[in-house]
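Heads up, the sequence shown is in the working numbering, so the first residue is 61 and it goes up one at a time. For every residue, glycine included, the Cβ atom is placed at its ideal position computed from N, Cα and C.
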Amino acid sequence: MKEVVPSPPAIVRNDVAAVQSLFQQNVVPSYGRFDIVLSHGAGSYLYDVTGKRYLDLGGGIAVSSLGHAHPAIVEALAEQARKVIHSSNFYYHESQGRLAQSLVNLIGPGKCFFGNSGVEANEGLFKLARKFGHDEGRFEILTTINSFHGRTLAGIAATGQDKVKKGFEPMVPGFRQVPYNDLDAMTAALSPATVAIMVEGVQGEGGVTPATPEYLLGLRRLCNEKKLLLFMDGVQCGHFRTGRFQSFQRILEGIPNSFLPDGISMAKSLGGGFPIGAFWVRAPYADLLSAGTHGTTFGGSPLACSVSLSILQVIQRENLAENARRVGEYFKNGLLELRERYPAVVQNVRGLGLMIGLELTPNISMLPGESTKTQATRFANLLHSAGLLAIPAGTQILRFLPPLNLRQAEAEEGLKIIESVAAKLAA
Ligand SMILES: Cc1ncc(COP(=O)(O)O)c(C=O)c1O
């Protein structure tokens, strides 16, 4: 006989305070959340439980590559769920193989491993480096100041920001940070134990700072000379966000080179909101992690890979790399104009494609909110009230990481909202 399950208590609807109180009582308070309770999304917009609409230029921190409720993702989820959601990595399935092949085609000769998040992708590369250097006693991985590589113990040891490490010492050994975009500092920091270098092509959490072409080419030379692995963390800046699949492809555009890193981590936009992470490893090192040395239960499930493949299809069919480049340029130019008009509010604008940072001018006197909160958070609050979502980075920077299919009209709407906020603060 069918078991009768008692009906759950009524879902709390349209009640901001009630939802917040559920969190306060039951959810670990490890995030500083904004006072917004979301209900649903469509395209580039999110709606809260009171019916207010937000233009989502934060994209769930560079995740919602096709925006919200995109039919291709919905269909891939439903169709694959009807076949098989999960089968484990004891067996083969077609979608993991096809996704790996797509990523290899987009990057270069090598192989892929699938996990569930960005930090797990980085962790896989860290293990790969340890395996590579093991017999020579080399284990140290150099990363950069202001980098962000995730929140596990190895992730925070790799991250170049004290605030993520504080309270969790002692750090996992074998990670050191040096200034970004500074080849001399990297060279000087090498020790006999160094085995790998990891950098972001565009530092995201650290404030949207692209690597220079000279830096990337110099790192490649250095790694070749010293027999080090060169890893790029493409978790935030990858997946066509800069206008090319990986940021180094965009940064080195027009410069004759045969640059390839030895490993690239990916996540975020790869699944458009469905959790999936991956790393690609260059061919000579692709079999280092042999059977039994690395794994994860959910990694590369049929469901995750089908969603990811469907996203790649849409990106290619609709040429969203070009869209990210064109609409990104339009949006960035608009922000640069705002810097001209409101220098007391906007100090700097930088980024590539649809990964753009707006640096606020220090000490904006009219900025409301508690002085204990950063300027970036207080400015984000004003944007939210005006109907736009953006992501704070550090104390002074707002990040725009919208869907790759953002329309120019939506970018224009965003610029108008940002201008309305800037104009009030400059008045
Ligand atoms: C560059 C970079 N690497 C790694 C991570 C960690 O990814 P995840 O939060 O999926 O573990 C992030 C997350 O923001 C990131 O921006």
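Cutoff 8 Å: residue i Cβ touching any chain C Cβ
i       : result
Leu-288 : The chain labelled as chain C is not found in the depicted structure, where only one protein chain is given.
Residue interval of the beta strand (DSSP E) (run including residue i)
i       : result
Val-259 : 254–260
Asp-108 : 105–108
Val-238 : 235–238
Leu-289 : 289–293
Val-123 : Note, Val-123: premise wrong, no beta strand (DSSP E); not H, not E.
Asp-116 : 113–116
Leu-98  : 98–102
Integer-rounded CB distance, given that residue j should sit under 8 Å from residue i
i       : j       : result
Lys-187 : His-444 : Not confirmed; about 40 Å, so no contact.
Asn-206 : Tyr-151 : Their Cβ separation, rounded to whole angstroms, is 42 Å, which puts Asn-206 and Tyr-151 out of contact at 8 Å.
Tyr-105 : Leu-115 : 6 Å
Val-109 : Ser-125 : Contact doesn't hold; Cβ gap of about 25 Å is too wide.
Pro-452 : Thr-434 : 7 Å
Ala-436 : Gly-454 : 7 Å
Met-258 : Asp-293 : 6 Å
Ala-351 : Ile-311 : Incorrect: roughly 36 Å between the Cβ atoms, too far for contact.
Beta-carbon spacing of residue i, residue j below 8 Å
i       : j       : result
Leu-464 : Asn-383 : yes
Arg-459 : Ala-450 : yes
Ala-189 : Cys-172 : no
Val-367 : Gly-323 : no
Met-326 : Gly-337 : yes
Leu-485 : Val-409 : no
Pro-169 : Ala-343 : yes
Arg-438 : Leu-448 : no
Ser-307 : Val-374 : no
Ile-371 : Leu-395 : no
Phe-300 : Leu-349 : no
Arg-481 : Leu-442 : Sequence inspection shows Val at residue 481; the Arg mentioned does not correspond to that position. A contact, by the Cβ cut-off of 8 Å.
Arg-236 : Glu-200 : yes
Leu-202 : Ala-249 : yes
Asn-176 : Ala-218 : no
Gly-210 : Gly-178 : yes
Gln-140 : Leu-363 : yes
Ala-214 : Leu-461 : no
Ile-167 : Phe-305 : yes
Delimiting residues of the alpha helix (DSSP H) encompassing residue i
i       : result
Arg-310 : 307–311
Cys-365 : 362–377
Arg-280 : 273–286
Leu-485 : 468–486
Met-246 : 243–249
Mind listing, in chain order, the continuous beta strand (DSSP E) runs of no fewer than 3 residues lying wholly within the region 185–216? Whole beta strand (DSSP E) segments, 3+ residues: 200–204.
Which full runs of the beta strand (DSSP E) of 3+ residues lie inside the region 378–414, going along the chain? Given a length threshold of 3 residues, each whole run of the beta strand (DSSP E) inside the region 378–414 is given here in chain order: 406–412.
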